[in-house]
Structures are given as C-alpha cells and as structure tokens.
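**Student:** Residue numbers (numbering that gives the first Met the number 0), protein chains in the order written: chain A, 0 to 198; chain B, 0 to 198; chain C, 0 to 198; chain D, 0 to 198.
There are 4 protein chains.
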Amino acid sequence: MIEPALYDGEASEGTRRSRASHKAILQAAAEVVRERGYFGASIEEIAARAGTGKQTIYRWWRAKPYLCLELYGLLVPATALEVDSGSLRGDYEAILRRLLKFYRTTPAAALLSGLIAESQSDPALAEAFQRRIVGQRRHLLIDPLARARERGEIDEAFDQALAADLFTAAVWHRLLLGSARAEKRFVAGLLETLFGERS
Amino acid sequence: MIEPALYDGEASEGTRRSRASHKAILQAAAEVVRERGYFGASIEEIAARAGTGKQTIYRWWRAKPYLCLELYGLLVPATALEVDSGSLRGDYEAILRRLLKFYRTTPAAALLSGLIAESQSDPALAEAFQRRIVGQRRHLLIDPLARARERGEIDEAFDQALAADLFTAAVWHRLLLGSARAEKRFVAGLLETLFGERS
Amino acid sequence: MIEPALYDGEASEGTRRSRASHKAILQAAAEVVRERGYFGASIEEIAARAGTGKQTIYRWWRAKPYLCLELYGLLVPATALEVDSGSLRGDYEAILRRLLKFYRTTPAAALLSGLIAESQSDPALAEAFQRRIVGQRRHLLIDPLARARERGEIDEAFDQALAADLFTAAVWHRLLLGSARAEKRFVAGLLETLFGERS
Amino acid sequence: MIEPALYDGEASEGTRRSRASHKAILQAAAEVVRERGYFGASIEEIAARAGTGKQTIYRWWRAKPYLCLELYGLLVPATALEVDSGSLRGDYEAILRRLLKFYRTTPAAALLSGLIAESQSDPALAEAFQRRIVGQRRHLLIDPLARARERGEIDEAFDQALAADLFTAAVWHRLLLGSARAEKRFVAGLLETLFGERS
DNA sequence: CAATAAACGAGACGGTACGTCCCGTCTTCAG
DNA sequence: CTGAAGACGGGACGTACCGTCTCGTTTATTG
C-alpha cells in the first residue's frame, strides 16, 4: 500500500479500514486484470466482484494505477528474488528463472506495461513506480553484485548499477515484447554479455 | 499506412481516400498525444482538431492504437538511423545519440508505452507492432553489426541479434523509466557492456 | 412524383431520368418501410436495395418524407375508391371496406403516420400532403355525396365537406390507433352517425 | 411516470431517483419539442438543457417516445376536461373549446403525431399510448354521455364509445391536419353530427 | 459518328445523434 | 457511523445515417 494503512485493531479512534474489503479488492483486481487486461479492467467491475462499493476503492487508492501499483507489489513476494548461491552467475541464473516463471504465472506483464504507460503522463505515479517497483528491484539485483565484489569476482570498475538496469531492461523487454528467442539462449546470452564470456 | 491506401486519382473503382484528411488526422494525433499523453488522447478530439468526422478515422484505422502505430512509424524517418562511420562503436554512438534526441523531441515515448501496453491484450496489435516497429528497428541495428563482422571487428560467435535486442531494451528502458543516470555515462557504459572495454 | 419528371426520350437536351431507377427506388422504399417502419427506413438502405447511389434519390426527392409522399400516392390507385352503387350508404360501405383492406395490405399506415408527424414541423411538406393526399381523398369522398344530393337522399343543409372530413378522421383514427372495436360494428356505427339511423 | 418511480427519501434499498433531475428533464423536453418539433428534439439536447447526463434520461425512460409519453400526460392536467354544465351539448362544447386551446398553447400536437407514428412500429409503445392517453381520454368523454343517459337526453341505443372515439378522431384530425375550416363551424358541425340537429 | 454532357453506381466526406460504458463524486439506508 | 448500493453530471466510445461531394462509367442526343 502507498501509505501505511491502518487496519482494524491497529489503532485507536473510530472504525478502521476493513482488512476483508482491502484483500477482496486486490484479489478482484488481480482477477479482472488477468481476464481483461490493464485497460479492460474497470473500477466498477472490480468493486462489483469484490462485493464492495466503488467509494471504498476510491477511499484507499487515488485511482486505478495506484491500486495496480499495490497489486503489483503484492504479486512479487519480496523474498522471491533473494538467493545466495555462492557465485554471481548462479545468483543471476536463479533470479532470472524465477522472474520468467513469475511473469508466466501472474498478470504482472499487463500491470507492468499499463503502469509504465500511465507513468508517462502522471509524474506522481512515475515517482511512486520508481520508488516502489524499480528501486526495490534494483536493490535485489545489486546485492548479489555486492557479494561478488567482496568475493573478488568483479572488480571496482564494474558498473553495478548499470548492470542491474540492463538486466531489468532485458527482462522487461523480453516480457513485454514477447521475443521469440528461445529461453535457454536468452538466459545464457544475457549473462555472458553482462558478466563475461564464461563462468 | 497499414495497407497501401488508395488516394484520390489513383486507380480502381469508387471514391478514394482523401490525402488531406489522412495527413490532417495524423498531424492532429501527434499534437494531441504530445499534449495529453497516450490515454488522454481521444479519437473525438483528434477528429475535431483534424477537422474531420470520427468515421473518417474509424474508416481507415481499426482503433486508436493502430492510428498511433502508423503515427509512430512516421515520426522516425527510416533514414534517421542509417549511419556508416567506419567503426562499430562509432555507428552505435551515432545511433544512440540520434535516438535519444528523437525521443526528446517527439511524443514517441508516450506512443511507445501506450502501444506496448495495449499489445498485452491485443495479439493482432502485438503482431503489427513487432512487424512494423521492432522488426524494422532490429534491421537497422544489425546492419552496423554485419559491417563490423565483415571488417573483422567482431567474430562469428558474437550474437548480433541478442546485442541488438539488448540495445533496444536498454534505450527503451531508459526512455520509459526516465533513469536519472547521466547520458554520457549511459552511452559509454552501454556500449562497453555490449561490445567490450574499448573498441 | 412531385414535379413532372422527364424520362428518357421525353425531351430534348442531355441525359434523362432513368425510369428503371425511379421504379426500383420506390419499390425498395415500399419494402424497407414495410420491414422497418417509417423511422427505421433509411435512405441508405433504400438506395442499396434499389441498387442505386444515394445521390440518385436526392436528385429527385428533397428528402425521405417527399419520397414517401409519392410512394403513398402510388399505393392507392386513384380508381380504387371510385364506386357508384346507386345509394349513398352503398357507396360509403364499399369505400370503407376497400380502405380497410388497403391499409391491411400495404405499409400505408406507417407512411401516413410518419408523414403526418413530419408535417408538424415542415410546412412545405404539410402543404404537399394536403394537396396530394387529403385533397384527392376529399374529392373522392364528396363525389358520392354530390350524387346523393342530386338523388335527393340528402338535402342542402347537409355539410358534405364536414362529413367527408369526419369520415377520413374516423378511418385514420381507427387505422393508426388500432381500436379493438369490431369492424362490422365500426362500419355500421360510423355510417349511421354520419348519415342517419337507416338509409 | 410509467412506473411509480422512487424518489429520494421514499422507501426501499439503494440510491433514489432525483426529483429535481426528473422535473428538469421533462421541462427541458417540453421546451425542446416546442422549439424543434418531435423529430428535431434530441436526447442529447434535452440532457444538456436539463443539466443532466444522458444516462440519467436513459435510466428512467426506455427511449424518447416514452419520455414524450410521460410529458404528454403531464401537459393535460387530468381535471382540465372535467366539466358538468348540466347538458350534453354544453359539456362537449366546453370540452372542445378547452381541447382546442390546449393544443394551441402546448407542444401537444408535435408530441401526439410523433407518438402515433412511433407506435406504428413499436407495439409496446402503442399499448402504453392506448392505456395512458387514449384510455384516459375516453373515460373523460364518456362521463358526460353517461350523465346524459341518466337525464334521458340520449337513449340506450346510442353508442357512447363510438361517439367518444369519433369525437377524438375529429379533434385530432383537425389538429394534425390543420384543416382551415373555421373553428365555430367545426364545433357546431361536429356536435350536430354526433348528437343531432339542434340542442 | 464521334463529342459531350448529364445521370448514374459507388462510396468517402464533415457532421449529428445515437445508446452504452465508465469515470469519480455524492446520497441513502441497512447492519 | 461504516460501507454496499447505486444515482448523479460528465466525457468518450464506436455505429448509423444524414445530405453533399467527388470519382470514373454509362448512355443518348447533338454538332
């Protein structure tokens, strides 16, 4: 969630946000986005499916993209990318395989492209997207690089941030443009290009 | 245009497409997308600004994304990326700088993200996007690589298609996510990663 | 037709109106009005069904109601109402039965109500409707009354024009409002009211 | 209204119909029909003038004719035709004069002809028109006849329903076809024909 | 017997309105 | 006193036709 929402029982005065509604809305949103895509998903249908009023959605999220932003965040459990195989190549191979599986099994692609598109004309959304999705992602990608640096696998001159960005770029490009390139070759080729010929 | 439209005075039966309207619509679309972004652009406003009826738009394009696809294609004159500096690094540096300028000066970013987003739930659009934008782009990126191969700058093992894709991925990622990374460093870093330390 | 159109071969310079098209248009109009009603009938469909261009319709009729006016006129062959049974009651009984049958078997009701409705806001149409439909009708209804006057069945004081109008009013009212009143009783009752108890 | 609509504050679940909008729509419809006639009146303009969304009209009326049906009903206050002068002739003279004034001062003629025309191809509308306009009208016309029967002015053999229908037919015919017949003569002649020579 | 000029079929054009969907806000009432 | 239900003003959708306007093509005198 964008702001650290207060739940029933967490705080003092008045009634607090209903955990049940919150969950039902996100679940309904996930379903509807999966079925109709990002554009096809309407607040109206999400509310109906969640069994809530529209107002309950607008009370907690400014608009569809912000709901989707939270939804996207929930689809990737933070731990999913944390690996420590002992080698840089091993870490990234694991991350890559998990990511590709993640995108195959969730409506994340639809969400991602929709959010990127809406960000083009909504700076606030762009900022939130950066902070909550891109930033977090970069951290997870830089951790293995930092460990590799400690192990001496890469040296000081290696631009870690650039590598992380290029990795994300490649994965998202593949995801959103559905390149027909065989997966195995893609994985190997990408890693070789980023980290060197063999490993 | 998607199909080689017939204009006034060209052969065949019946009435012909109006060159003037066609042009006015694309021009209006460019304006409106620039001002309001991809989503904010409505067929209604484009028609009004072009001084045409809505039906004239729907007669020639299936829907907004298809109009935008054609518009995107027209924004990049095919020749804009054709360079031959004599070296691989030189070619790509030139291409990269032209691309970055292109995206700074046209509504291409808004179009691009919108088209990618809509492609997620419209396979026909995805296919058209691949064929008309991605495919064409790939060709232009592979030409310099082929010349470099002939000159012996890169060897047979170098995966040209992968390099071209990664290049596009990096550029679009930077474009759509507005990474704050300084341009100079981005250019150098990307080329180094793709083609090696110095070249 | 509203103006005495010139047909092929009738007159001097240039090309002349095509008899075949004229007929095909009226025929198509009759069909379409029968199938879709007065409002549902579009010039576009009439043209398509007649196998003509729309312009050919607009060349000869100002608009749909004028086409329908001519069509209505053609549905009632002028002779259909001319009877001379020897008695006033007999004449009107015959006329009435023919009219009721006429309306049962042609799209005249749809045309009539549509024309009356459009006449409310188009004085020129109202005038044409009066002259070409109402006027002609009145004549045919007054002829039997004039003969009855000569025979002495009715006297000078009898308001022939009023009777004719009331007769038309009653028939159209029945036609357009579909009163459930049994036909036999309607016929007898109307004639009794207009011309007296027995006759 | 066609169905006994629920207003704010009336019983039952959910949100209620807005009295203000309902009234504003009917008022706007009356204006627009008066200005542009039945066909010229568009839902779009009515909504704009009423200051409502189009959907608010479509939510409560199936289509233009149904809105007009309600409007027509409101133009004739039910009491307008209730008279009791003590004589049949007196009652009908009063009714006739009121009707003629009513049609002179309201857009009723445009509505009436439009509704009749649309009824030709919409049986549900025809039924509603019968029930809500014709039926009610017939009642009001039969009351004076029933009183006359009690007073002995007319006998059992007099077909009251037929007389009422012929009266309506004559009035509407005159109204919609704008016969130039002088009003005084029309009134006298019609009543004489229906009820006898003198009174 | 061409030349020519109108009428023709076809259908694109600038428009208006349709009836629908959904937006984000506002109001009502049941729990 | 929250929250589902849903009406509201509004904007855009994509479609149907309007009546006008080219387009070639046919056709039937006229020079």
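The beta carbon of each residue, even a glycine, is placed where N, CA and C say it ideally should be.
Everything numeric in this text was worked out from a predicted model, so none of it was measured.
(1) My output table needs one value for D:Ile1: the three-state DSSP class, helix, strand or coil.
(2) Taking DSSP as the reference, what is the three-state secondary structure of C:Arg61?
(3) For A:Glu43, count neighbouring C-beta atoms within 10 Å of its own C-beta (all shown protein chains included) and say buried if the count is 16 or more, exposed if not.
(4) Judging by CA-CA distance, which residue of A:Leu140, A:Gly151, A:Thr192 is the nearest neighbour of A:Asp164?
(5) Are there 16 or more other CB atoms within 10 angstroms of the CB of D:Thr51, so buried, or fewer, so exposed?
(6) If we require 4 or more residues per run, which alpha helix (DSSP H) segments fall completely within the region 92-167 of chain D?
(7) Comparing the C-beta of D:Leu73 with each C-beta of chain C, is any distance below 7 Å?
(8) Name the chain A residues that come within less than 9 Å of B:Ile115, Cβ to Cβ?
(9) Have a look at B:Ala28 and B:Trp60 and give me their C-alpha separation to the nearest angstrom.
(10) Let me know the secondary structure DSSP gives B:Arg15 once reduced to three states.
(11) Can you find the residues in the same chain that come closer than 6 Å, C-beta to C-beta, to A:Val31, ignoring five residues on each side of it along the sequence?
(12) If we call anything under 7 Å between Cβ atoms a contact, is C:Leu74 one with C:Thr105?
(13) For C:Ala125, which residues from the same chain have a beta carbon less than 8 Å from its beta carbon, with the 5 sequence-adjacent residues on both sides left out?
(14) Hey, quick one: how far does the alpha helix (DSSP H) through D:Gly188 stretch, first residue to last?
(15) Report yes if the CB atom of D:Leu190 is closer than 7 Å to the CB atom of D:Tyr91, and no otherwise.
(16) Which residues of chain C have a Cβ atom closer than 7 Å to the Cβ of D:Tyr91, listed in chain order?
(17) Hey, how far is the Cα of C:His172 from the Cα of D:His172?
(18) Going by beta-carbon coordinates alone, are C:Phe128 and C:Leu114 separated by less than 7 Å?
(19) Just to make sure I have the definition right: I need the residues of chain C whose C-beta is within less than 9 Å of the C-beta of D:Gly36. Which are they?
(20) C:Ala221 to B:Ala23, Cα distance in whole Å?
(21) For the alpha helix (DSSP H) that contains B:Glu81, what are its first and last residues?
(22) If you draw a straight line from the C-alpha of A:Arg136 to the C-alpha of B:Pro122, how long is it?
(23) Of all the options C:Ser86, C:Asp158, C:Tyr57, which has the alpha carbon lying nearest to the alpha carbon of C:Ser20?
(24) For D:Ile153, which of D:Ser84, D:Leu193, D:Lys63, D:Leu110 has the nearest alpha-carbon?
(25) Along the region 148-173 of chain C, what residues have a CB closer than 8 Å to any CB found in chain D?
(26) Using beta carbons (cut-off 7 Å, strictly below), is D:Gly188 in contact with chain C?
(27) Mind checking whether D:Leu68 and D:Leu25 have CB atoms under 7 Å apart?
(28) Anyone know if the C-beta pair for C:Leu251 and C:Val170 falls short of 7 Å?
(29) Determine the extent of the alpha helix (DSSP H) in which C:Ala47 is found, giving its start and end residues.
(30) Residues of chain D with a CB under 7 Å from the CB of C:Val133: which are they?
(31) Got a sec: is the Cβ-Cβ distance from B:His28 to anything in chain A below 7 Å?
(32) Is the CB of B:Arg48 under 7 Å away from at least one CB in chain A?
(33) Quick check: the Cα distance between C:Gly195 and C:Glu34, rounded to an integer number of angstroms?
(34) Taking all protein chains shown into account, do 16 or more other C-beta atoms lie within 10 angstroms of the C-beta of B:Ala145, making it buried, or fewer, making it exposed?
(35) Excluding the five sequence neighbours on either side, which residues of its own chain have a C-beta within less than 7 Å of the C-beta of C:Val82, listed in chain order?
(36) Does the distance from the CB of D:Ser112 to the CB of D:Leu175 come in under 7 Å?
**Tutor:** Short version:
(1) For D:Ile1, the predicted model reports a pLDDT of 44, less than 50, meaning its position is unreliable and no value from the coordinates is stated.
(2) coil
(3) exposed
(4) A:Leu140
(5) buried
(6) 107-118, 122-128, 134-150
(7) no
(8) Ser112, Ile115, Ala116, Leu175, Leu176
(9) 12 Å
(10) DSSP places B:Arg15 in coil when its eight states are reduced to three.
(11) Ala40, Glu44, Ile45
(12) yes
(13) Ser118, Gln119
(14) 182-194
(15) yes
(16) The contacting residues do not exist; D:Tyr91 stays about 14 Å from chain C at best.
(17) Going by the C-alpha atoms only, they are around 8 Å apart.
(18) yes
(19) Ala116, Glu117, Gln119, Ser120, Asp121
(20) Any answer about residue 221 of chain C is impossible in this case: the structure gives chain C only from 0 up to 198.
(21) Taken as a continuous stretch (DSSP letters only), B:Glu81 belongs to no alpha helix (DSSP H), as it is neither H nor E.
(22) 28 Å
(23) When each option's Cα is compared against that of C:Ser20, the closest is C:Tyr57.
(24) D:Leu193
(25) Asp158, Ala160, Leu161, Ala162, Asp164, Leu165, Thr167, Ala168, Ala169, Trp171, His172, Arg173
(26) yes
(27) no
(28) Outside the modelled stretch of chain C, which goes from 0 to 198, sits residue 251 of chain C, for which no answer is possible.
(29) 42-49
(30) Leu176
(31) According to the sequence shown, residue 28 of chain B is Ala rather than His. No, because no Cβ of chain A sits closer than 7 Å to the Cβ of B:Ala28.
(32) no
(33) 41 Å
(34) exposed
(35) Within the same chain, Asp90, Ala93, Ile94 come within 7 Å of C:Val82 by CB-CB distance, once the 5 residues on both sides are set aside.
(36) The Cβ-Cβ distance between D:Ser112 and D:Leu175 falls below 7 Å.
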